[in-house]
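These notes concern the structure reproduced below.
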Amino acid sequence: MTTDDGVALHGIVVPAGPGVPARPGGRPVTFVLAHGFTNSTARAPFLRLAGYLSRFGEVRGLDFRGHGRSGGASGAGGDAELLDVDAAVRAARADGATRVVTVGLSMGGGAVLRQAAIGDHRPDAVVAVSAVSRWFVRDTPPMRRVHWLLETATGRRLGARVMGVRLAPPWPANPAAPVQVVSGIAPTPLLLVHGDRDAYFPLEHARTLARAAGPAATVWVVPGMGHAENGMSGPLAERIGRWAREAVGREPLCEHGAVTAPTADAHPAP
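Each residue of the sequence shown is one higher than the one before, starting from 6 at the first, in this note's numbering.
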């Protein structure tokens, strides 16, 4: 797919698992799955999560610009990533998806919140996992390392050479932070998921987003969970899938066992 500003994006499509039903004449839920900073659709934690969600519908995972096989350069969660999610939702609709749920992790969590509030192609439900509420978080050691990566010449070279992330120049102006726009998601169903052992973004971020979002938001504080893809367990992923199914219209859950990581079923998105 191509974004509105002309960046070519790539990703994977994981078909809905055997027995996942659709409404008569319709399709199962389509998940647009958005990874965290420095991750990609090729990483094992992302593929495991896509596999679990495929129990509930089709999964379309995108590589954000500057990551994986996508073109362009990463804006680290700003307006560029909003355009990436917007393009993925638009592409899903163009392929016939009738119910789209965006699921974003960390940087992707902030991106799906902003896209659902102010993007052009709104989803039918939103899940933000380990999402940041505000910009320039330096409260934790991991985030101080991230800002060193983003803000120093040495860090930017390391990001490109070692982590494979191509970074765009710093923002010319700060975009609206997730907490400033999250109230605009209502009445679209919104789920905020945050671990109580998140080393990057403390629980303050989930609580702040929940207050700003209002009664349309559901909040899960997950005991023992860490950050984003690496903190995700199979039972939690399936709980998210069940929430999404309920949020966009009930479908019976398929009865087969849990789907494993979709290394064989995942194929490049057109």
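For each residue, glycine too, the CB sits at the ideal point set by N, CA and C. Here the structure is a predicted model, which is why all the values come from computation and not from measurement.
Rounding to the nearest angstrom, what Cα-Cα distance links residue i and residue j in this structure?
i: residue 174; j: residue 196; result: 32 Å
i: residue 34; j: residue 23; result: 14 Å
i: residue 264; j: residue 50; result: At residue 264 the pLDDT is 32, less than 50, meaning the model places this residue with poor confidence and gives no usable figure here.
i: residue 45; j: residue 73; result: 5 Å
i: residue 246; j: residue 61; result: 6 Å
i: residue 88; j: residue 21; result: 26 Å
i: residue 103; j: residue 236; result: 30 Å
i: residue 176; j: residue 140; result: 11 Å
i: residue 208; j: residue 148; result: 15 Å
i: residue 58; j: residue 81; result: 25 Å
i: residue 71; j: residue 172; result: 6 Å
i: residue 18; j: residue 146; result: 35 Å
i: residue 186; j: residue 53; result: 31 Å
i: residue 77; j: residue 210; result: 29 Å
i: residue 150; j: residue 117; result: 24 Å
i: residue 6; j: residue 201; result: 36 Å
i: residue 157; j: residue 32; result: 47 Å
i: residue 142; j: residue 244; result: 29 Å
i: residue 66; j: residue 55; result: 8 Å
i: residue 228; j: residue 204; result: 13 Å
i: residue 253; j: residue 238; result: 23 Å
By the 10 Å Cβ neighbour count, where 16 or more other Cβ atoms means buried, how is residue i classified, buried or exposed?
i: residue 99; result: exposed
i: residue 9; result: exposed
i: residue 11; result: exposed
i: residue 16; result: buried
i: residue 39; result: buried
i: residue 43; result: buried
i: residue 25; result: buried
i: residue 251; result: exposed
i: residue 121; result: buried
i: residue 222; result: buried
i: residue 249; result: buried
i: residue 182; result: buried
Just to confirm, are residue i and residue j a CB contact at a threshold of 8 Å?
i: residue 277; j: residue 230; result: There is no way to answer for residue 277, as the model of the chain reaches only from 6 to 275.
i: residue 41; j: residue 138; result: no
i: residue 132; j: residue 198; result: yes
i: residue 233; j: residue 190; result: no
i: residue 193; j: residue 130; result: yes
i: residue 180; j: residue 84; result: yes
i: residue 13; j: residue 79; result: no
i: residue 206; j: residue 108; result: no
i: residue 114; j: residue 92; result: no
i: residue 90; j: residue 124; result: yes
i: residue 184; j: residue 128; result: no
| Could you give the uninterrupted runs of the alpha helix (DSSP H) lying entirely in the stretch 14 to 65, keeping only those of 4 residues or more? | Runs of the alpha helix (DSSP H) lying entirely within the stretch 14 to 65 and spanning at least 4 residues, in chain order: 49 to 58.
| Which runs of the alpha helix (DSSP H) fall wholly inside the stretch 59 to 103 and span at least 4 residues, in chain order? | Complete alpha helix (DSSP H) runs here, min 4: 84 to 99.
| task | Could you pull out every unbroken alpha helix (DSSP H) segment of at least 4 residues lying fully inside the stretch 160 to 227, listed in chain order? | result | You should have 183 to 186, 209 to 218.
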